[in-house]
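Asker: The sequence shown maps to residues 1 to 126 in full-length UniProt numbering. Note that beta-carbon positions come from the ideal geometry of N, C-alpha and C, so glycine has one too. Quantities reported herein were computed from a predicted structural model and do not represent experimental measurements. Provided herewith is a single structure, encoded as structure tokens, for subsequent inquiry.
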Amino acid sequence: MRFVLPVIFSVAALGSNSVLAQGYSDEYNKCLNTSYGQTATVKNCVDKELKTQGKFLNKYYKNYLKNSGDNQSSVKQQHQLWVNRLNQQCYYNVTSASIEVLQAKCVLEMTMERAYYYQTKQIAYR
């Protein structure tokens, strides 16, 4: 039993890293559930959610930047490096409707992860 509890807590802690800033919106989940796999509909769902999550990212980034004091240039540089990494990982030289959906989902996931990162930094300043 002593071994089981630490393992459970470790798994829970690792799983909590995947919990993102706000999570997916209910509208996004409903949109995907009613898309029936139609590529154009899925792309529209992802684009709408990306707009929402982008607002969260900007909000948390601006707050983090404001609270970073003398480290603002470093924070800006880190953010630019993240943007560069996003562009490298999510955008491909191939174009098709299904690839566009994959690219949009990649950008959405990375945006949500970064918003969560900045949100956790806000907790540190409180």
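#1: DSSP three-state call for residue 60: helix, strand or coil?
#2: Please name the residue in 76, 23, 62 and 63 whose C-alpha comes closest to that of residue 50.
#3: For residue 86, collect the residues of the same chain with a Cβ closer than 7 Å to its Cβ; drop the 5 residues on either side in sequence, then sort them by chain order.
#4: So, helix, strand or coil for residue 34, using DSSP?
#5: State buried or exposed for residue 91, treating a residue as buried only when at least 16 other CB atoms are found within 10 Å of its CB.
#6: In or out: residue 118 buried (at least 16 other Cβ within 10 Å) or exposed?
#7: What's the C-alpha gap between residue 75 and residue 105?
#8: With DSSP as the reference, label residue 120 as helix, strand or coil.
Answerer: Let me spell this out:
#1: helix
#2: 23
#3: 107 and 110
#4: coil
#5: exposed
#6: buried
#7: 25 Å
#8: helix
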